[in-house]
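Worksheet: the structure to be examined is printed underneath.
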Ligand SMILES: C[S@@+](CC[C@H](N)C(=O)[O-])C[C@H]1O[C@@H](n2cnc3c(N)ncnc32)[C@H](O)[C@@H]1O
């Protein structure tokens with residue numbers, strides 16, 4: 412099945428990724444700090460599925476690599492990243508499931524919230540291996556679960572999960588990461604499930620923006636009732652604005668380190 416990115420790359424989608432970057436920065440920074448190479452000033456790092464560049468900047472800031480690249484399939488998001496960040500960050504349009512990459516001898520690969528959007532996630536591991544320096548590491552973060560006692564959020568997650576599954580994707584691919592690595596030339600160094608408590612208002616804002624994008628997806632438009640989606644979007648907006656209270660959301664993040 413062909414990979415299809417359902418969360419869009421218009422201005423709203425790009426703004427959502429900026430908010431997402433802010434929400435997850437502390438946990439991702441702590442994880443990245445733990446894989447800093449012995450001599451980062453010689454290292455080349457690459458962020459796969461870099462979006463508007465915030466994860467690339469985070470990767471660069473935490474590792475202090477000599478050069479850091481961001482690769483993304485979206486021309487619009489790559490243009491936004493180039494507008495926001497200067498050298499030594501380099502952004503290039505590339506489908507990261509396809510080899511060869513436009514950069515070689517890579518010491519550190521990083522991918523956050525990429526694998527969940529791919530019908531063929533193992534192809535990224537193979538393509539990255541072909542561009543890797545000896546002893547390279549691959550650092551991956553993707554959701555194992557999103558937990559909330561609030562039916563508004565659980566309904567939202569169930570619908571996104573259904574849409575992802577329709578396109579051969581796994582919203583909670585975090586749980587499958589070690590198994591995926593086992594099919595490749597990478598060796599599993601560690602895998603952990605890290606619980607991250609997230610403000611419901613922030614999550615509701617992210618989800619409300621996202622509903623505006625994915626509700627136009629052909630599958631979502633035919634499978635989901637438009638009035639129910641309107642009601643969901645309004646309720647999410649109300650939580651985001653502080654007019655409806657909701658308990659925090661717990662993200663169970665799968666954090667994996669692979670070595671070649
Ligand atoms: C949810 S965003 C994550 C962005 C960033 N890594 C973060 O965590 O904030 C997923 C990104 O992966 C990109 N993407 C999806 N499929 C891709 C592919 N096959 N090759 C390259 N980029 C891809 C999308 O364009 C989008 O920018």
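In the numbering used here, the protein residues as written are 412 to 671.
From the three backbone atoms N, C-alpha and C, an ideal C-beta is built for every residue, glycine too.
These numbers were taken from a predicted model, which means no experiment stands behind them.
Which class does residue i belong to by DSSP, given the choice of helix, strand or coil?
| i | result |
| --- | --- |
| residue 459 | strand |
| residue 614 | helix |
| residue 483 | strand |
| residue 606 | strand |
| residue 600 | strand |
| residue 418 | coil |
| residue 556 | strand |
| residue 427 | helix |
| residue 393 | This structure does not reach residue 393, given that the chain is present from 412 up to 671, and the question cannot be answered. |
| residue 661 | strand |
| residue 470 | helix |
Could you round the C-beta distance between residue i and residue j to whole angstroms and report it? I think they count as a contact, below 8 angstroms.
| i | j | result |
| --- | --- | --- |
| residue 553 | residue 609 | In fact, because the Cβ distance is near 15 angstroms, the residues do not count as touching under 8 angstroms. |
| residue 427 | residue 620 | 4 angstroms |
| residue 664 | residue 579 | With a Cβ gap of about 22 angstroms, residue 664 and residue 579 do not count as contacting. |
| residue 567 | residue 618 | 5 angstroms |
| residue 542 | residue 459 | About 10 angstroms separates the two Cβ atoms, so there is no contact after all. |
| residue 613 | residue 434 | 5 angstroms |
If you draw a straight line from the alpha carbon of residue i to that of residue j, how long is it in whole angstroms?
| i | j | result |
| --- | --- | --- |
| residue 598 | residue 540 | 11 angstroms |
| residue 616 | residue 546 | 40 angstroms |
| residue 628 | residue 662 | 25 angstroms |
| residue 415 | residue 507 | 13 angstroms |
| residue 605 | residue 623 | 29 angstroms |
| residue 478 | residue 453 | 8 angstroms |
| residue 451 | residue 439 | 18 angstroms |
| residue 595 | residue 669 | 10 angstroms |
| residue 632 | residue 563 | 19 angstroms |
| residue 536 | residue 482 | 14 angstroms |
| residue 593 | residue 600 | 11 angstroms |
| residue 561 | residue 634 | 23 angstroms |
| residue 643 | residue 519 | 40 angstroms |
| residue 630 | residue 423 | 20 angstroms |
| residue 465 | residue 551 | 16 angstroms |
| residue 582 | residue 474 | 28 angstroms |
| residue 437 | residue 486 | 28 angstroms |
| residue 649 | residue 457 | 38 angstroms |
At the 8 angstroms Cβ level, is residue i part of the contact set with chain B, yes or no?
| i | result |
| --- | --- |
| residue 627 | Any reference to chain B falls outside this structure, which holds one protein chain only. |
Measuring CB atoms only, is the stretch 548 to 563 touching the stretch 489 to 498, in the sense that at least three cross pairs come out at less than 8 angstroms? No: fewer than three Cβ pairs fall under 8 angstroms.
Beta strand (DSSP E) runs wholly inside the stretch 561 to 585, at least 3 long, in chain order: DSSP runs (the beta strand (DSSP E)) wholly in the stretch 561 to 585: none.
Within 8 angstroms, do at least three Cβ pairs link the stretch 466 to 474 to the stretch 526 to 546? Fewer than three Cβ pairs drawn from the stretch 526 to 546 and the stretch 466 to 474 lie within less than 8 angstroms of each other, which leaves the two stretches out of contact.
Touching by the beta-carbon criterion (3+ pairs, under 8 angstroms), the stretch 510 to 523 and the stretch 487 to 494: Inter-segment contact for the stretch 510 to 523 and the stretch 487 to 494 is absent: fewer than three beta-carbon pairs are separated by less than 8 angstroms.
Can you give, in chain order, each stretch of the alpha helix (DSSP H) that sits fully within the stretch 479 to 552 and has at least 4 residues? Runs of the alpha helix (DSSP H) inside the stretch 479 to 552: 486 to 495, 533 to 541.
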